[in-house]
Structures are given as structure tokens and as C-alpha cells.
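One structure is given below, encoded as C-alpha cells.
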Amino acid sequence: MNARRFPFDPGLLEALLAAAQTGRVTAAARELNLTQPAVTARLRRLERAVGAPLLARSARGVTLTPAGRELCERARKIQALLEEGAAAVAGAPSPTGRLALAASTTIASYVLPPLLARFRAAYPRIALSLSVGNTEEVLERVRSGIAPLGLVEGHGRAPAVRLEPFLEDEIVAVRSPRSAVAVRGPADLARQTLLWRERGSGTRAVVERALGHAGGRRRGSAGDVELGGTEAIKSAAAAGLGVGFVSRWALQGDAAGRLAILLVPGLSIRRVFRWVLPAAALSGTAAVFRDFARAHPPALNTGV
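Pasting the structure below:
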């Protein structure tokens, strides 16, 4: 196979990374402070250069193709090397200080740990702490100044803070592999015992809204079960107690084999994990972490 001459333009890779991270070309354009046509042109130029489609486009946005995932992985490494090289040339000292993060339960449990490990390796002189709560609690921590930076699930607006997209997520229905549950649509869920997160949970709010729009039950009924965390829902679903709703990020590792995804025709629950930022400009270790996370977004890996 003839080797293609690749046009080394970091802007092309930035466009791909931003589109992969936000799930939409319009959001990627905002992230890069460019127009949507400019980002689209960069993505098409990159696809022509590699000779393969990198993004699958639909009404819901864009997702990476297998070729896109492969290139994204290498693009992140290239971006990190460029940043390391710039810092070495400038003789920039390693930042020091403390970083207090706040994150909602799903993000803190399944998304942040590998990212924090990589960040700690890159910035060993920054002391880390992470407080965990539901979405409303995280918003209040940032709003009150207790945490300079937060991450939440599913919120579009909140007073006195700024929200910016971080990663795309999908919530799926799960059941025990031994269960014979089958549904023809969202309305059939009315005959199932549903396992809910507590009120104030971002996951619960998104699921209730999606079910309402799709014609299923909007809120819990007397036969349902309310549980105080994603792991409790996973364990209860695995035991056959009912049908739960969890992020795909929660189905990594030990979930494989214990849970099965229940396909619900007509129901698609997607959301965006978002940064919670103070009204003032981000600075210090919080800015360092957000920049690092943008350059090294965690990758989803589930076998369920």
C-alpha cells in the first residue's frame, strides 16, 4: 500500500479531537473559537488526507468511526508531545499547589480515576482532592466557591456558574442476563420494576425527561425501587430486582457478564458531561487540569 503524505497541521487534529469530545461540529467550533464551516473544512481535509471517513454523522451529532478512534488516540499523543516540547523549550517549571475538584457520582466513579492518574503523573507537585455528590450538590460547591471546578451530568443551564461540554455519554437500560425481560417500546417499561437513582441525581433527571418525551413513565411509581448510587443499581439489576438505567461508563470492567443491556426501541438517552466553571475566568491549578483533560480525554471501554 502506498504511503500517504500527511499534511502536518495541528489544527486538523484539534478539529477532530474537539468533534470527538463534544459530539457535535457546532460545539467543536465553539470550543475552538472558529466558525462551523471552518471546522467542517478541516475535518474533510483530514479525511481526504488519511483516505478514510473519521466521523459518522447523524441527526444526533457525530461519532468516531474505527479509523477516527485510531487517529484520535495518536492525535492525543502528538498533542501531549507538542505541549511537553513547548514546556521544555520554555523551561517552564512544573506547576505546584492544590486542586479541589467536585464531581457527580458517575463521573467521579468511572470517568475521572484514569484521567486523574495521568494528570498526577504529569503534574506530581499538584495535590489532588475530589469531593463527590449528586449534580445539584456539585453545582452548589462551585457556586459557593468551595470547589473551583466541577463536572456534572446532563445539565444545560445553572445560575451563577458557567457550563461547558466535556464528554458525550449514553444512558442504557440494564437487567440481569438471566432475566427474560423484553420490551417493544418505552410504554412497556410500565410493567417492569424500575430501579431509580435518588432525586437530585443528574442521571435520574435525564432518564425521567427522556421517558416522558418517548411516551413512557416519567417518574417512579409505587412498585419501583429508589437506590442511592450507580453501584447499588448495578447490583440490584444483576440480582434480578428490576431494570435500571446507568451510564455506559459504568459498564466497564466488572460489569461485563453481570449485566445485560436491555434494548428499548424508540428510546435513546444521550447527554453531555459538562464542566462547571465559576463566573470568573478559570486560573491556577483548575485551569491546568481543564487544559490537560481537553488534551487527554478519557476513552470509553466496555465489553457489555
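Residue 113 is where the sequence shown starts when you use our numbering, and the numbers rise one by one after that. Ideal Cβ placement from N, Cα and C applies to all residues, glycine included. Just so it is clear, the structure is predicted and the values come from calculations on it, not from any experiment.
I'd like the span of the alpha helix (DSSP H) that includes residue i, first residue to last.
| i | result |
| --- | --- |
| Leu379 | Here Leu379 belongs to no alpha helix (DSSP H), and DSSP marks it neither H nor E. |
| Val355 | Segment 355–359 is the beta strand (DSSP E) holding Val355; no alpha helix (DSSP H) there. |
| Val400 | 396–407 |
| Gly324 | 314–326 |
| Val295 | Unbroken run through Val295: none, as it is neither H nor E. |
| Leu124 | 122–134 |
| Leu144 | 137–144 |
| Thr342 | 342–350 |
What are the boundary residues of the beta strand (DSSP E) that includes residue i?
| i | result |
| --- | --- |
| Pro277 | 273–287 |
| Glu338 | 337–339 |
| Glu265 | 261–265 |
| Ala215 | 209–216 |
| Ser256 | Run containing Ser256: none; DSSP gives neither H nor E here. |
| Gly163 | No beta strand (DSSP E) holds Gly163; DSSP gives it neither H nor E. |
| Thr175 | 173–176 |
| Ala168 | 167–170 |
| Leu417 | The chain is shown only over 113 to 416; residue 417 falls outside these bounds and no answer can be derived. |
| Ala393 | Ala393 -> no beta strand (DSSP E), and no H or E assigned at all. |
If we count the other Cβ atoms within 10 Å of its Cβ and call it buried at 16 or more, is residue i buried or exposed?
| i | result |
| --- | --- |
| Ile258 | exposed |
| Asn246 | buried |
| Asp281 | buried |
| His408 | buried |
| Leu224 | buried |
| Ser380 | exposed |
| Arg88 | A query on residue 88 cannot be resolved here, the shown segment of the chain reaching from 113 to 416 and no further. |
| Leu433 | There is no way to answer for residue 433, as the model of the chain reaches only from 113 to 416. |
| Pro260 | buried |
| Ser194 | The sequence shown places Leu at residue 194, not Ser. Leu194 comes out exposed. |
| Ala214 | buried |
| Ala132 | buried |
| Ser256 | exposed |
| Ala322 | buried |
| Ser216 | buried |
| Thr208 | exposed |
| Gly135 | buried |
| Ala187 | buried |
| Gly197 | exposed |
| Gly173 | buried |
Which residues in the same chain as residue i place their Cβ atom closer than 6 Å to its Cβ, once the five residues preceding and following it in sequence are excluded?
| i | result |
| --- | --- |
| Gly180 | Leu166, Leu167 |
| Pro226 | Pro410 |
| Arg309 | Thr315, Arg316 |
| Arg406 | none |
| Arg382 | Glu282 |
| Ala127 | Val151, Arg154, Leu155 |
| Tyr222 | Trp361, Ala362 |
| Ala130 | Ala140, Glu143, Leu144 |
| Arg274 | Leu389 |
| Leu211 | Ile238, Leu240, Thr397, Phe401 |
| Glu248 | Gly312 |
| Gly352 | Ser288, Ser291 |
Could you pull out every residue in the same chain whose Cβ sits closer than 7 Å to the Cβ of residue i, ignoring the five residues on either side in sequence?
| i | result |
| --- | --- |
| Gly378 | Gly297, Pro298, Ala326 |
| Ala220 | Leu242, Val244 |
| Gly369 | none |
| Ile190 | Leu125 |
| Phe231 | Phe401, Phe404 |
| Ala349 | Val286, Arg287, Ser288, Leu307, Val355, Gly356, Leu371 |
| Leu412 | Arg360, Trp361 |
| Glu252 | none |
Near residue i, what residues of its chain come up, given a Cβ to Cβ distance below 8 Å and the 5 sequence neighbours on each side ignored?
| i | result |
| --- | --- |
| Thr138 | Gln148 |
| Leu394 | Pro260, Leu261, Arg402 |
| Leu176 | Ala132, Leu166, Leu167, Ala168, Cys184 |
| Val254 | Ala214, Pro260, Leu261, Gly262, Val273, Val388, Leu389, Pro390 |
Got a sec: is the Cβ-Cβ distance from residue i to anything in chain D below 9 Å?
| i | result |
| --- | --- |
| Ala317 | The structure shown has no chain D; it contains just one protein chain. |
Q | Cβ pair count under 8 Å reaching 3, the stretch 283–303 against the stretch 230–248 | A | They do not touch, by the three-pair rule.
Q | Contact the stretch 336–351 vs the stretch 389–399: 3+ CB pairs below 8 Å | A | With a cut-off of 8 Å, the stretch 389–399 and the stretch 336–351 do not count as touching, because too few Cβ pairs lie within range.
Q: Pick out the complete beta strand (DSSP E) segments inside the stretch 212–250, 3 residues or longer, and give them in chain order.
A: Taking only runs of at least 3 residues, the beta strand (DSSP E) segments lying wholly in the stretch 212–250 are 238–245.
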